[in-house]
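A short write-up of the structure that comes next.
There are 2 protein chains.
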Amino acid sequence: MAAVEAVIEERMASATHSIPQTADYLVAAGGKRIRPLITVTAARMLGYEGAGHVSLAAAVEYIHSATLLHDDVVDESELRRGKAPANAVWGNAHSVLVGDFLFARSFMMMVDAGSMDALHVLSRAASVIAEGEVRQLAAVRNIDITRAEYMSIIDAKTAALFSAAAQVAPILHGSDKAVEDGLETYGRELGLAFQLVDDALDYGGMAAELGKNTGDDFREGKITLPVALALESADDTERAFWKRVISNGDQSDADFDEALAILTKHGALDATLEAARAHAANAVNALNVAPRNEWTEALAALPEFVVERAY
Amino acid sequence: MAAVEAVIEERMASATHSIPQTADYLVAAGGKRIRPLITVTAARMLGYEGAGHVSLAAAVEYIHSATLLHDDVVDESELRRGKAPANAVWGNAHSVLVGDFLFARSFMMMVDAGSMDALHVLSRAASVIAEGEVRQLAAVRNIDITRAEYMSIIDAKTAALFSAAAQVAPILHGSDKAVEDGLETYGRELGLAFQLVDDALDYGGMAAELGKNTGDDFREGKITLPVALALESADDTERAFWKRVISNGDQSDADFDEALAILTKHGALDATLEAARAHAANAVNALNVAPRNEWTEALAALPEFVVERAY
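Heads up: the protein sequence lines correspond to chains A and B, in order.
The numbers in my numbering rise by one with no breaks, and the one at position 55 of the first sequence is 1389.
The numbers in my numbering rise by one with no breaks, and the one at position 104 of the second sequence is 1438.
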């Protein structure tokens, strides 16, 4: 991972003054690095001896950072519709372009790794992510989204990159198809678990105390699994509530507490985390086709770690 | 080019409803296809017998379309700062995501072509374009931008993709380095000529009658070569004028005519087109290292065609 960090830093360099600043804020200071960790750990587990996994791991993090920058533009649009301040708007233009820069650089790093098959998997993942984001955008404020539709959206929006991050390791190593498929499944299931935990955390997870980032989905009118589940069991009064706060975006300060109360009444946060645990278990099971060593143990521990975040 | 069109159409397909509509509007209905035409013609000129040039030509057009979509967001931000209507803002989010989709698909097409060297050239071009756009954004409303700084910005923003479009043909064909360098130069010089003609056309070119798209750069506060040249020769009154209309964005209906009069007084549109002609001639000269056949003639005719647009 130290080698990945070095590549991440090095490839942000640009003669264009403001790019390294913006990129640094996001890429260097930012993340938990869970996606590149999957690539590097899987490559080690398989006994891959080249250096390509470092470039691909860094490329995966760059794709993730690019989507975060572009998400800011997408989310801000929704949130601030009709009243964007000048600064936020100039920021939007910059976010779009620096995201494009990171995206382009990610492909340069993939070229460094030298595997056309890995390039195919990662470019397809990038395409699927964009499709997932468009579908999520179309689903905002729509209280008729079903659980199945929602799972399909996060499969594209979130799980595709986790899946690709895992799959490129056996591709680089030249593993059997069964191992490649197993790691693809591992990544996808871990990605689904990760997203569902995030969804629960946005409503405070299982902790009574709410963090300062809770409620973003609610305020932005995004339907996530907790709300989709609560809608499945909603009576007329509750449905009218969701329609007002989500579809119409008509929210007062007390509405988030009311939403939490309804979610709790239907056990929607419990059910979301139960679903996350099931996907995490699927991820661990998918490792059965892989060799057993200390790196396998590390990969098997990751889903548990992801789910534990919610408690 | 018919094969390129077929690939362009085919790769826009997506199960995500609104993507083909948006992409189609831009990619299928849109362009002059000058960039993919360079790739295809150069491959023919070199006697390349594979099919990779078709995928790369389509990929080049996708990159171009993705940057156009993202430019819309960037330009709109400037133009409508602080008063974005809801519809335009939702449009922004969609433009960002569909641009990302096209960008990702372009890399999938490059993988189809199977050349890692071509992938390197095109991914580097995409990175340089993003850097050029950021630099242009930073230069908006800045009347101290010099001619040299401006040429450096359009070298990145516009010429890099023309250059890459030409360079990938000899790479696919496996031509000598001298031929590859010659075509890279051809593309770059043609791209510079193309941009300078566009700059002149935004002030009506040499036609007295103004098209409905004239004045965009002026209204958006973008310094292009005509204005940079006029600023070099500006007296105090003129400098105060440019400062008011460009730097401060304080424009009335009569100001565009006033700008045109100042540009004409200094021969700035003539000088811009003279520079375009010089770059067009450089492009033709760069073909000296290439084989001579009917395709060479077609490539040599293209710069003239580009410059003629202005008259």
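Think of the CB as a built atom: it goes at the ideal place given N, C-alpha and C, for glycine as much as any other residue.
Keep in mind the model is a prediction, meaning the values are calculated, not measured.
Residue burial is scored here from C-beta neighbours: serine 1440 (chain A) has at least 16 other C-beta atoms within 10 angstroms and is therefore classed as buried. With respect to chain B, the C-beta atom of isoleucine 1557 (chain A) has no partner C-beta closer than 8 Å.
Taking a Cβ-Cβ cut-off of 7 Å, the neighbours of valine 1430 (chain A) in chain B comprise His1404, Val1407, Val1408, Val1430, given in sequence order.
Inclusion of valine 1408 (chain A) and leucine 1431 (chain B) in the CB contact set at 8 Å is warranted, their separation being smaller than that value. Under the three-state reduction of DSSP, aspartate 1533 (chain A) is assigned to helix.
Isoleucine 1477 (chain B) sits in coil when the DSSP states are folded into three classes, being neither helix nor strand.
Contact of threonine 1480 (chain B) with chain A by beta-carbon distance below 9 Å is absent, the smallest such distance being about 16 Å. Rounded to the nearest whole angstrom, the CA to CA distance from valine 1361 (chain A) to serine 1461 (chain B) is 16 Å. Taking a C-beta distance under 8 Å as the contact criterion, glutamate 1518 (chain B) and glutamine 1501 (chain B) qualify as a contact pair. When secondary structure is reduced to three states using DSSP, histidine 1600 (chain B) falls in the coil class, being assigned neither helix nor strand. Annotation: histidine 1398 (chain A) to histidine 1428 (chain B) spans about 19 Å, alpha carbon to alpha carbon. In this structure, the CA atom of alanine 1602 (chain A) is about 10 Å from the CA atom of alanine 1609 (chain A). Chain order gives the chain B residues near phenylalanine 1435 (chain A) as Ser1461, Ala1464, Glu1465, Val1468, where near means a beta carbon separation below 8 Å. Between the C-alpha atoms of lysine 1491 (chain A) and glycine 1466 (chain A) there is a straight-line separation of about 4 Å.
Taken through DSSP and simplified to helix, strand or coil, histidine 1398 (chain A) comes out as helix.
For the C-beta of valine 1445 (chain A), the chain B residues within less than 8 Å are, from N- to C-terminus, Met1450, Leu1453, His1454, Ser1457. Excluding residues up to 5 positions away in sequence, Gln1585, Asp1589 lie with their Cβ nearer than 6 Å to the Cβ of valine 1579 (chain A) in the same chain. Around the beta carbon of aspartate 1536 (chain A), 16 or more other beta carbons lie within 10 angstroms, which makes this residue buried. The Cβ neighbour count for tyrosine 1645 (chain B), taken over all protein chains shown within 10 Å, is under 16; the residue is labelled exposed. Residues Ala1610, His1613, Ala1614, Ala1617, Pro1637, Val1640, Val1641 of the same chain have their beta carbon placed closer than 7 Å to that of alanine 1527 (chain B), with the five preceding and five following residues left out of the count. Proximity of methionine 1485 (chain A) to chain B, defined by a Cβ-Cβ separation below 8 Å, is not satisfied. Between phenylalanine 1441 (chain B) and chain A, the shortest Cβ-Cβ separation is below 8 Å. The residues Ala1473, Ile1557, Thr1558, Leu1559, Ala1562, in chain order, have a CB closer than 8 Å to that of tyrosine 1484 (chain A) in the same chain once the five nearest residues on each side in sequence are set aside. Here the segment 1372-1385 of chain B makes contact with the segment 1493-1508 of chain B; the two share three or more CB pairs at distances below 8 Å. In summary, no residue of the segment 1485-1502 of chain B has a CB separated from any CB of chain A by less than 7 Å. Using a Cβ distance threshold of 8 Å, methionine 1346 (chain A) and serine 1457 (chain B) do not count as a contacting pair.
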